[in-house]
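Report on one structure; see the data block that follows.
Residue numbers (the working numbering), protein chains in the order written: chain A, 5 to 252; chain B, 124 to 416.
Dropping the structure here:
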């Protein structure tokens, strides 16, 4: 299933992280964080409610499984962790622009939006405090927009908006995993760069579905297909197949 | 000392134009019975500060809100709150949209009596660019960097729901997270608490764990209103879970012409006893499973 490949690709976001809180918001990101923590037990995770746990908690009905709680981590304490920088979140913005600025707040005119969404949530604080990666289940020009996102909820590599005394290197956006490819910000001047293509996807497809110019190197790889062990772990963390709706 | 009162008497102390902070988080442990009492009142032009759920949606739908201070409004499993969306998309309310952590800092600043707290949070984003009331400053100690001066979010009144309280205002939250309720209470001039259970003070003496789940001293509690199931349809873990069915019906009402008035007529107008009856009674609410995230 494509979704399993997306989960393993997303898990790669935390591959080189040390002892940081891996937060995956949504089914695929959370399963990816779970897989990443399985491979790298230095990572930390929560039960998505109020405790840090010693091993990832399977999603969906618990069927008798009791989370292995080790540290109270209510929302007030989450911000202490956020501001310490020891966190790497994988989130799913509605819009992303060429600077990596992201939007989950509102589409259209800010005073009277065409579509009101969640609000900025923790995006501003996350983006200035710690590493972030993005998951985009539907790679299109509606998500990867020309110009700037309608409401800049998280800071990106935009020199025009760089706060005084800061450098673009203070910002840490790692991977973008979509249903077509994996990208990062490794092009010239933090330009978004194509890293790998999922099976049967072409460079042209990615370029066509992205609303701005990306950096396409000569050595674009193939996204790794999940191993049997990875598939078994995904199955363990999602015994109820809640990940299936991501297959579109 | 006895701080107990009724919901209607407590809400009668609120005035038009007040700034009201609401505890809880999304669809979790919201003082919904107090919100319903506000819906039954003539109050208007409120400034509402909330980690928003249906509390915000309902107040917006009833035209009670002049300005909303928020980081999100969501019912979690229904990500987009339908009546909040309507209010925003209709351009009906003023807003101050801030990061979740900025809200925490604003409440903390108010609790400390400090005009603002400096933070990096918000830099480079539209929460600063779109909100003229949020200013940038430079540190007096270290030149060069700019900081967001998150202003104090001073509340006239905080409304929170707790598991249990005694008559003097010792309040216990037994669930896994007290969210920012303690900060809402401390940021407010007055706090009205609704509680599922009204207990004798002896309750807290039974073991130290009982008083460990008390997050502010009783002097910060102004009024105590005993309202069993007062958080419904939000959860009050561990006493009862989220009423997903009720929230779905509530969300569906937003798609119907006159849907909000129908919701009010069916659930709100007839008072709290009728409300409990209409939503399925005590046994239904007690049987609501605790949420699994």
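Think of the CB as a built atom: it goes at the ideal place given N, C-alpha and C, for glycine as much as any other residue.
Who are residue 148 of chain B's beta bridge partners in DSSP? Numbered from 1 along the second chain, position 25 holds the residue referred to as residue 148 of chain B. Residue 148 of chain B is bridged to B:151.
Leaving out the 5 sequence neighbours to the left and right, which residues in its chain are closer than 7 Å to residue 125 of chain A when beta-carbon positions are compared? Within the first chain, numbered from 1, the residue matching residue 125 of chain A stands at position 121. Excluding positions up to five away in sequence, the list reads 108.
Anticipated Cβ contact below 8 Å, residue 106 of chain A with residue 99 of chain A, distance rounded: Here the question's residue 106 of chain A lines up with position 102 in the first chain. Here the question's residue 99 of chain A lines up with position 95 in the first chain. About 7 Å; that satisfies the 8 Å criterion.
Tell me where the beta strand (DSSP E) around residue 123 of chain B begins and ends. Nothing can be reported for residue 123 of chain B: it is not among the residues displayed for chain B, which extend from 124 to 416.
Would you mind listing the alpha helix (DSSP H) stretches within the region 184-252 of chain A that are 4+ residues and don't spill past its ends, in chain order? 207-212, 232-241
If you drop the 5 nearest sequence neighbours on each side, which residues of the same chain put their C-beta closer than 7 Å to that of residue 222 of chain B? Taking the second chain and counting its residues from 1, the one referred to as residue 222 of chain B is at position 99. 194, 244, 245, 250, listed in sequence order.
Just to confirm my understanding: we take residue 178 of chain A, look at its own chain, exclude 5 residues before and 5 after, and list those with CB closer than 6 Å. What are they? Taking the first residue of the first chain as 1, we reach residue 178 of chain A at position 174. 17, 135, 137.
When the Cα atoms are used, what is the spatial distance from residue 118 of chain A to residue 127 of chain A? Sequence index remark: in the first chain, residue 118 of chain A carries index 114 (1-based). Sequence index remark: in the first chain, residue 127 of chain A carries index 123 (1-based). If I take the Cα positions, the gap works out to 21 Å.
For residue 179 of chain B and chain A, any beta-carbon pair shorter than 8 Å? The sequence position of residue 179 of chain B within the second chain is 56, counting from 1. Taking Cβ atoms only, chain A never reaches closer than 8 Å to residue 179 of chain B, which makes this a no.
Does any CB atom of chain B fall closer than 8 Å to the CB of residue 168 of chain A? What you label residue 168 of chain A is simply residue 164 of the first chain in a count that begins at 1. Yes - at least one Cβ of chain B is within 8 Å of the one on residue 168 of chain A.
Once the 5 residues before and after residue 126 of chain B are set aside, which same chain residues still bring their CB inside 7 Å of it? On the second chain, position 3 is the one that residue 126 of chain B refers to. Only 290, 291, 292, 344, 345, 346, 347 meet the Cβ criterion.
Residues of the region 79-92 of chain A in Cβ contact with chain B at a cutoff of 9 Å, in chain order, please. 79, 80, 82, 83, 86, 87
Straight-line Cα distance separating residue 232 of chain A from residue 282 of chain B: Taking the second chain and counting its residues from 1, one reaches residue 282 of chain B at position 159. Taking the first chain and counting its residues from 1, one reaches residue 232 of chain A at position 228. Looking at the two C-alpha atoms, the distance is approximately 52 Å.
Can you find a CB in chain A that lies within less than 8 Å of the CB of residue 295 of chain B? Residue mapping note: residue 295 of chain B aligns to position 172 of the second chain, counting from 1. So, not an interface residue.
For residue 410 of chain B, the nearest candidate out of B:367, B:252, B:388 (CA to CA): Locating residue 410 of chain B in the second chain gives position 287, where the first residue counts as 1. Measuring from the Cα of residue 410 of chain B, the nearest candidate turns out to be B:367.
Would you please verify whether the beta carbon of residue 301 of chain B is less than 8 Å from any beta carbon of chain A? Position 178 of the second chain holds residue 301 of chain B. Closer than 8 Å to some Cβ of chain A, the Cβ of residue 301 of chain B qualifies, so yes.
Residue 189 of chain B CB to nearest chain A CB: under 8 Å? The residue given as residue 189 of chain B occupies position 66 in the second chain. It does not; no Cβ of chain A falls within 8 Å.
Under the three-state DSSP convention, the category residue 105 of chain A falls into: As a working mapping, residue 105 of chain A is identified with position 101 in the first chain. Reduced to three states, the DSSP call for residue 105 of chain A is coil.
Residue 415 of chain B and residue 66 of chain A: beta carbons closer than 8 Å? The residue labelled residue 415 of chain B in the question sits at position 292 within the second chain. The residue labelled residue 66 of chain A in the question sits at position 62 within the first chain. Yes, the Cβ-Cβ distance between residue 415 of chain B and residue 66 of chain A is below 8 Å.
Would you tell me roughly how many angstroms separate the C-alpha atoms of residue 402 of chain B and residue 387 of chain B, rounded to the nearest one? Within the second chain, residue 402 of chain B is the residue found at index 279, counting from 1. Within the second chain, residue 387 of chain B is the residue found at index 264, counting from 1. One C-alpha to the other measures close to 13 Å.
Could you check which residue in A:182, A:122, A:116, A:159 has the C-alpha nearest to that of residue 147 of chain A? For this step, residue 147 of chain A is matched to residue 143 along the first chain. The residue with the shortest Cα to Cα distance from residue 147 of chain A is A:182.
Establish whether the CB of residue 246 of chain B and some CB of chain A are separated by less than 8 Å. Here the question's residue 246 of chain B lines up with position 123 in the second chain. Chain A, which has a Cβ nearer than 8 Å to the Cβ of residue 246 of chain B, makes this yes.
Pick helix, strand or coil for residue 43 of chain A, following the three-state DSSP scheme. Start at 1 with the first residue of the first chain, and residue 43 of chain A comes out as number 39. Of the three classes helix, strand and coil, the one that applies to residue 43 of chain A here is helix, per DSSP.
Under a CB-based cut-off of 8 Å, is residue 114 of chain A close to chain B? Translated into positions along the first chain, residue 114 of chain A becomes position 110. Yes, its Cβ sits closer than 8 Å to a Cβ of chain B.
Please name the residues in the region 262-274 of chain B whose beta-carbon is closer than 7 Å to at least one beta-carbon of chain A, in chain order. 267, 268, 269
Give me the Cα-Cα distance between residue 97 of chain A and residue 60 of chain A, rounded to the nearest whole angstrom. Locating residue 97 of chain A in the first chain gives position 93, where the first residue counts as 1. Locating residue 60 of chain A in the first chain gives position 56, where the first residue counts as 1. Taking the straight line from one Cα to the other gives about 24 Å.
Roughly how many angstroms lie between the CA atoms of residue 314 of chain B and residue 308 of chain B, to the nearest whole one? For the purposes of this step, residue 314 of chain B is taken as the residue at position 191 of the second chain. For the purposes of this step, residue 308 of chain B is taken as the residue at position 185 of the second chain. Cα to Cα, residue 314 of chain B sits roughly 6 Å from residue 308 of chain B.
Do residue 156 of chain B and residue 317 of chain B count as a contact pair if the criterion is CB distance below 8 Å? Here residue 317 of chain B refers to the residue found at position 194 when the second chain is read from its first residue. Here residue 156 of chain B refers to the residue found at position 33 when the second chain is read from its first residue. Cβ atoms of residue 317 of chain B and residue 156 of chain B: closer than 8 Å.
Give me the residue from B:132, B:200, B:207, B:331 with the minimum Cα distance to residue 188 of chain B. Taking the second chain and counting its residues from 1, the one referred to as residue 188 of chain B is at position 65. If we check each option's Cα against that of residue 188 of chain B, B:207 comes out closest.
Bridge-paired residues (DSSP) for residue 135 of chain A: Working through the first chain from its first residue, we reach residue 135 of chain A at position 131. BP columns for residue 135 of chain A point to A:92.
Going by DSSP, which residues form a beta bridge with residue 50 of chain A? Start at 1 with the first residue of the first chain, and residue 50 of chain A comes out as number 46. Answer is A:56.
May I ask you to report which of helix, strand or coil DSSP gives residue 75 of chain A? Sequence index remark: in the first chain, residue 75 of chain A carries index 71 (1-based). Three-state result, residue 75 of chain A: strand.
Between which two residues does the beta strand (DSSP E) containing residue 288 of chain B stretch? Residue mapping note: residue 288 of chain B aligns to position 165 of the second chain, counting from 1. Run containing residue 288 of chain B: 278-288, per the beta strand (DSSP E) assignment.
Reduced DSSP secondary structure (H/G/I, E/B, other) of residue 134 of chain B: Reading the second chain from its first residue, position 11 is the one you call residue 134 of chain B. It is helical.
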